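Below you'll find the structure, written out as structure tokens, and then a few comments.
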Amino acid sequence: MSLKLLSANHGAGLAATLAGRANRTGRGFCSGVYPITPSTECMEYLCLQEIEKGRVVKVESEHSAMAVCIGAAAAGARSFTTTSSNGLAYMAENCIAAAYLRLPVVMAVANRTIGPPWNIWADHGDALMLRDHGLIQFYCADNQELFDTVLAAFRLAEDPAVMMPAMVCMEGFILSHTVAQIDVPDQALVDAFLPTTTVPHRLGEAPHALGQIDLPHQTEMHRHQHLSAMNGAARVYAGIQDEFEHIFGRRLGDAVVPYRADDAETLIVSMGTIGATAERVVDQLRAQGQKVGALRVRLFRPLPSEAIRAWFAGKQRIAVIDRDVSLGFGGVLWGEVNSLADPGTVVQSYLAGLGGGDVRPEHIVNMLADLQPRKNAGHPAMMEAA
Amino acid sequence: MMNEPVLGGMAQTTLDRPDPLLRMGNTNCGGCGLSSLMQMMRHAVADQRVHLVVPACCAAVSAGIYPQSTYGVPTLLTTFASAAAAASGIATVARMNGEDTRVICLAGDGGTYDIGFATLSAAADRNEDVLYICYDNEIYGNTGGQRSSATPAGAVTSNLSSAKPEEKKDILAIMAAHRVPYVASVSLAHAEDTVRKLRRALDLKGFRFLHVLSPCPTGWKSEPAMGMELVRLAVRSGLYPVIEIFDGKRYVVNIEPDFSDEALDMYLSLQLRFQKSGISAAGLRPAIDRHWQELRALSGRIVPARRVA
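Keeping their order, the protein sequence lines are chains A and B. As numbered in numbering that gives the first Met the number 0, residues 0 to 385 make up the first sequence, in order. As numbered in numbering that gives the first Met the number 0, residues 0 to 308 make up the second sequence, in order.
Okay, structure coming up:
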């Protein structure tokens with residue numbers, strides 16, 4: 000173990016490097032990459048590492064970057080890429096292909112507003128676009144958590160019962176470019192944590208085809224298998240948490256992270272770094288005697304519905320903060336968790352920090368002030384960054 | 000074992016792959032050029048380890064319905080524009096693991112000339128260890144025959160009310176401009192030419208590009224049994240130059256056409272896609288002559304572009 004000062008981008012690149020090296024006794028590591036702000040530094044970091052039995056292919060587009068990863072994973076290698084925003088949108092077709100081909104590619108996504116109009120700052124709308132197509136999604140709140148989650152994502156994606164791509168998301172600049180301390184494990188520990196990659200359906204000697212025509216009943220069957228694997232992924236993740244703790248001596252973040260939520264009457268629900276800000280607000284308001292708690296959704300796909308439902312039980316009011324907006328609907332996270340609350344609970348959607356606006360403690364305090372007198376939830380409320 | 004008439008009298012030997020690359024019971028149309036190509040490829044690949052990469056195209060449909068596969072080798076089906084990039088990943092992993100796998104892309108004209116072109120160009124630029132074969136039936140087969148940069152001048156497509164006026168994109172020149180080790184056009188009507196070029200391409204390292212004029216009775220609206228004859232007429236008339244380009248520099252003309260207008264008119268008249276527009280040899284000849292003048296210059300052959308009878 001050693002403590003290093005790294006940006007989240009470099010942390011993700013280092014985690015991928017360690018994971019790549021860990022597969023040197025297997026079929027190696029191969030990554031397809033293409034730069035886009037703000038994930039570029041992750042890609043650059045990865046390109047400059049020496050990885051025994053590892054190659055990074057520098058291609059001409061995000062679409063091809065994921066295609067290289069698909070080829071690499073189909074050939075049995077460990078695979079990783081990183082992107083953001085319009086790059087993710089451009090890559091989307093192949094992200095979905097990787098998912099439906101059940102290939103365990105891991106992606107670090109530096110969340111950024113999709114344009115034009117061009118905006119390079121954080122917004123969860125890029126990754127959420129891929130919500131429905133069989134990719135695991137994590138949203139992280141600090142550098143250490145991101146590093147740990149990238150390592151764990153390889154283990155989870157490559158688990159034979161899971162076998163699908165995993166996205167590990169960090170808000171662009173807010174996290175991707177923030178330098179903080181990361182506890183970096185020795186290669187031997189990573190080797191112990193990550194067994195060599197086994198893709199059971201990889202191209203080998205048997206003349207089988209990957210991805211040919213499915214008739215309706217076959218697609219139904221494949222979706223059913225994928226859905227079961229997705230639903231089982233949360234349980235597999237819990238096992239990985241224990242093993243992670245056993246090997247690295249620290250706890251890997253839970254699927255949902257509660258903060259002073261047990262006896263709270265009001266709950267602030269969010270993803271990513273807004274969750275860290277919410278915890279500060281909770282401390283502040285608790286000091287004033289208000290019974291407020293926070294819940295941060297770290298694992299968005301599969302959504303840990305049961306855990307969220309359990310934390311929602313008995314709450315009077317819930318503020319769901321989205322750094323995204325599904326136009327014509329409201330916050331995406333709000334839409335996901337709205338139905339998990341008790342019938343009498345007021346679950347209000349707040350849209351904040353869109354396009355990278357700061358979400359500061361006072362913004363969240365204002366949301367709670369808005370929520371407190373409400374008897375019923377209203378339309379999604381857009382909180383403008385001041 | 001299946002009789003293979005397309006081999007043009009070449010004997011099968013013990014060096015041939017014992018199993019076909021394209022298995023019986025596949026759904027290819029009768030007279031499909033891809034079927035002939037796959038039979039000759041079986042001859043050429045012999046006992047080499049092959050992985051196929053097929054983007055969305057007729058060959059993806061040919062692969063058959065899950066969980067069976069038409070192809071006798073492991074095959075990855077990719078999105079439309081991704082064949083060359085996915086093949087890069089497979090080839091990279093094979094090389095890292097010391098495996099002598101031939102990674103072959105089998106892509107139609109759409110995935111090559113148009114939507115997959117940036118991917119193809121970039122893989123060629125990186126000189127990936129991939130053999131890219133474009134079986135070009137000129138018709139956007141799996142969407143049913145729309146206009147593209149591979150549509151030849153004079154052809155009517157399902158979304159054109161009159162013939163395409165523009166010339167077809169010169170894909171060989173573009174690939175040669177990437178200065179890859181080997182670029183060649185292949186005549187399926189000349190089995191020795193096809194098998195020799197497949198073998199040469201399989202034996203080379205780096206990016207290799209083969210262009211195959213692939214008869215398509217369905218799209219060309221021609222007699223299935225006439226496919227090979229149509230290719231022969233395209234070669235004879237000079238419409239389809241059969242050449243090799245080494246390292247993007249050395250041009251070799253492999254089959255000398257006789258530039259017969261009779262052959263060209265025959266080629267056009269046997270396909271309904273040209274008949275609809277009324278295009279004739281006289282209409283296409285100037286462009287063919289111009290192209291051959293360039294080829295003569297590039298191949299260093301001081302022969303008139305068109306022989307005078």
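Even glycine gets a Cβ: it sits at the ideal position worked out from N, Cα and C. The structure displayed is predicted, hence computed values, not measured ones.
- Sixteen is the threshold: when 16 or more other Cβ atoms of the shown chains lie within 10 Å of the Cβ of D122 (chain A), as they do, the residue is buried.
- Per DSSP, H50 (chain B) is not a residue of any alpha helix (DSSP H); the beta strand (DSSP E) it occupies stretches across 49-53.
- Taking C-beta atoms as the reference points, R322 (chain A) and G352 (chain A) count as a pair closer than 8 Å.
- Within the same chain, Cβ atoms closer than 6 Å to the Cβ of G12 (chain A) are found at C41, Y44, L45, the five residues on either side in sequence being excluded.
- Taking a 10 Å sphere around the C-beta of S84 (chain A), we find 16 or more other C-beta atoms and assign the residue as buried.
- Checking the DSSP bridge columns, you'll see T80 (chain A) partnered with A:M106.
- Listed in chain order, the positions of the stretch 14-26 of chain A with a beta carbon within less than 7 Å of a beta carbon of chain B are R26.
- B:C57 is the residue among B:V44, B:M40, B:L14, B:C57 whose C-alpha sits nearest the C-alpha of N25 (chain B).
- The contact set of C68 (chain A) on chain B, defined by CB atoms closer than 8 Å, consists of G88 in chain order.
- For K167 (chain B), there is no enclosing alpha helix (DSSP H), as DSSP marks it with neither H nor E.
- Here the alpha carbons of A96 (chain A) and I273 (chain A) stand approximately 31 Å from one another.
- In the three-state scheme derived from DSSP, where H, G and I count as helix and E and B as strand, G30 (chain B) is classed as coil.
- Fully contained in the stretch 295-341 of chain A are the following alpha helix (DSSP H) runs of length 4 or more, in chain order: 304-311, 331-336.
- Taken in chain order, the whole beta strand (DSSP E) runs of length 3 or more contained in the stretch 170-235 of chain A are 178-183.
- In the pairwise beta carbon analysis, the stretch 67-86 of chain A is classified as touching the stretch 101-110 of chain A: at least three pairs are separated by under 8 Å.
- Under the 8 Å Cβ criterion, the stretch 110-121 of chain A does not count as touching the stretch 98-111 of chain B, having fewer than three qualifying pairs.
- Using a 10 angstroms sphere on the CB of L47 (chain A), the tally of other CB atoms stays under 16, which defines it as exposed.
- The DSSP-derived three-state label of V251 (chain B) is strand.
- Taking 8 Å as the upper bound for CB-CB distance, V129 (chain B) and A90 (chain B) are in contact here, some 5 Å apart.
- Contact note: G107 (chain B) does not reach chain A at a C-beta cutoff of 8 Å; the least C-beta distance is about 16 Å.
- What V58 (chain A) touches in chain B, judged by beta-carbon distance under 9 Å, is A84, S87, T118, A121, A122, R125, going in chain order.
- At a cut-off of 8 Å between beta-carbon atoms, Q48 (chain A) makes no contact with chain B.
- A straight-line Cα-Cα distance of about 28 Å links I239 (chain A) and V32 (chain A).
- Taking a C-beta cut-off of 7 Å against chain B, the contacting residues of the stretch 211-228 of chain A are Q211, I212, D213, L214, Q217, listed in chain order.
- Among the CB atoms of chain B, one or more fall inside 8 Å of the CB of H207 (chain A).
- Under the DSSP assignment, E243 (chain B) falls in the beta strand (DSSP E) whose first and last residues are 242-245.
- Between the C-alpha atoms of I173 (chain B) and L209 (chain B) there is a straight-line separation of about 13 Å.
- Comparing alpha carbon positions, the residue from A:L326, A:G327, A:I320 closest to V336 (chain A) is A:I320.
- The residue from A:H216, A:E61, A:G75, A:S63 with its alpha-carbon nearest to that of K52 (chain A) is A:G75.
- At least 8 Å separates the CB of G354 (chain A) from every CB of chain B.
- Bounds of any alpha helix (DSSP H) do not take in R23 (chain A), whose DSSP letter is neither H nor E.
- With a threshold of 8 Å between beta carbons, C29 (chain A) makes contact with chain B.
- Residue contact with chain B for E92 (chain A): present (Cβ-Cβ distance below 8 Å to some residue of chain B).
- By the neighbour-count criterion, in which a residue is buried when 16 or more other Cβ atoms sit within 10 angstroms of its Cβ, R222 (chain A) is exposed.
- G31 (chain A) sits in a strand when the DSSP states are folded into three classes.
- Contact between the stretch 131-138 of chain A and the stretch 294-302 of chain A is present, with at least three C-beta pairs closer than 8 Å.
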